[in-house]
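Q: Sharing a structure, written as structure tokens. Questions coming.
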């Protein structure tokens, strides 16, 4: 059974700081997704990582995938308040298995 | 391009009552998913359809939950009777056909706004 663990589950940080969210998974997969969810809203796709060593960047967010370590990271650079949301990683296996999410609060 | 449409957006019912949720996927997407998201958790797959065929319903509580996808487009998820523990957000998602014959459930999934169910 595929298990996906995210950490931290809750993160409060100040604007301008950098931080990294980690996503570990238990069985082999070569496809991983990052989603964003705002309160009361649905999931918005951020990144699709398709192979070992994949790195994608969009604005202040950068995601990477290491399939050998079964680890993906979502790095936030110079955080701004608008990035406050819950971030989920999801690993492809028999469908998608989601982590519990990282609730991110960025304070001015 | 229109996204995944779900209705209703909110539903409040008393326990033991029936409830139904409707989903219209993105046009041309042959794979449709129903997820349940409990408060503070990630979505959990309930059922996956490839066209009109349910290919993965291992997590669907079949004693009270049922789903259908007639004609391989719209889908309905039903709970009868609802229990207090069924309170959650029910999300529908769809994905396009797999590239180069690969499995479609590997492809990016697009989510609808969800139906927030409260069982009293």
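Chains as they are written, first to last, in this note's numbering: chain A, 52 to 159; chain B, 88 to 207. Note that beta-carbon positions come from the ideal geometry of N, C-alpha and C, so glycine has one too. These numbers come from a predicted model, not from an experiment.
Report yes or no: do the stretch 171 to 180 of chain B and the stretch 116 to 126 of chain B share at least 3 C-beta pairs separated by less than 8 angstroms?
A: The stretch 171 to 180 of chain B, when compared against the stretch 116 to 126 of chain B, does touch it at the 8 angstroms Cβ threshold.
Q: Any beta carbon of chain B sitting closer than 7 angstroms to that of residue 151(A)?
A: As a first step, residue 151(A) is located in the first chain; it is residue number 100 there, counting from the start. Yes, its Cβ sits closer than 7 angstroms to a Cβ of chain B.
Q: Consult DSSP for residue 158(B) and reduce its assignment to one of helix, strand or coil.
A: Here residue 158(B) corresponds to residue number 71 of the second chain, with the count starting at 1. Three-state result, residue 158(B): helix.
Q: In three-state terms, what does DSSP make of residue 126(A)?
A: Within the first chain, residue 126(A) is the residue found at index 75, counting from 1. Note: residue 126(A) maps to strand in three-state DSSP.
Q: Does the beta-carbon of residue 99(B) have 16 or more other beta-carbons within 10 angstroms, so that it is buried, or is it exposed?
A: Along the second chain, one-based indexing puts residue 99(B) at 12. Classification of residue 99(B): exposed, given that the 10 Å Cβ count is below 16.
Q: Which residues in the same chain as residue 101(B) place their Cβ atom closer than 7 angstroms to its Cβ, once the five residues preceding and following it in sequence are excluded?
A: Taking the first residue of the second chain as position 1, residue 101(B) is located at position 14. Contacts found: 207.
Q: Run the CB neighbour count on residue 142(A), radius 10 Å, all protein chains shown included, and call it buried at 16 or more, exposed below.
A: Along the first chain, one-based indexing puts residue 142(A) at 91. Answer is buried; the Cβ neighbour count reaches 16.
Q: Taking DSSP as the reference, what is the three-state secondary structure of residue 144(B)?
A: In the second chain, counting from the first residue as 1, residue 144(B) sits at position 57. Coil, per DSSP.
Q: With which residues is residue 98(B) paired in a DSSP beta bridge?
A: As a first step, residue 98(B) is located in the second chain; it is residue number 11 there, counting from the start. 204(B).
Q: Tell me which residues share the same chain as residue 99(A) and place their Cβ nearer than 7 angstroms to its Cβ, disregarding the 5 neighbours each side in the sequence.
A: Within the first chain, numbered from 1, the residue matching residue 99(A) stands at position 48. Cβ within range, chain order: 84.
Q: Residue 87(A) bridges to which residues according to DSSP?
A: The count along the first chain starts at 1 and reaches residue 87(A) at position 36. Per DSSP, 95(A), 138(A).
Q: Going along chain A, which residues have a C-beta under 7 angstroms from residue 143(B)?
A: On the second chain, position 56 is the one that residue 143(B) refers to. Correct list: 145, 146.
Q: Using a Cβ cut-off of 7 angstroms, pull out every chain A residue sitting near residue 135(B), in sequence order please.
A: Residue 135(B) sits at position 48 when you count from the first residue of the second chain. In chain order: 146.
Q: Does the count of Cβ pairs from the stretch 99 to 114 of chain A and the stretch 88 to 97 of chain B closer than 8 angstroms reach three?
A: No, they do not touch.
Q: Would you mind telling me which residues of chain B sit closer than 9 angstroms to residue 123(A), beta carbon to beta carbon, in chain order?
A: Counting from one through the first chain, the residue named residue 123(A) turns up at place 72. Within chain B, no residue comes near residue 123(A); the closest Cβ sits about 14 angstroms away, beyond 9 angstroms.
Q: For residue 172(B), name the three-state secondary structure that DSSP assigns.
A: The sequence position of residue 172(B) within the second chain is 85, counting from 1. Three-state result, residue 172(B): helix.
Q: Of all Cβ atoms in chain A, is any one closer than 7 angstroms to the Cβ of residue 128(B)?
A: Indexing the second chain from 1 puts residue 128(B) at position 41. Answer yes: the Cβ-Cβ gap between residue 128(B) and chain A drops below 7 angstroms somewhere.
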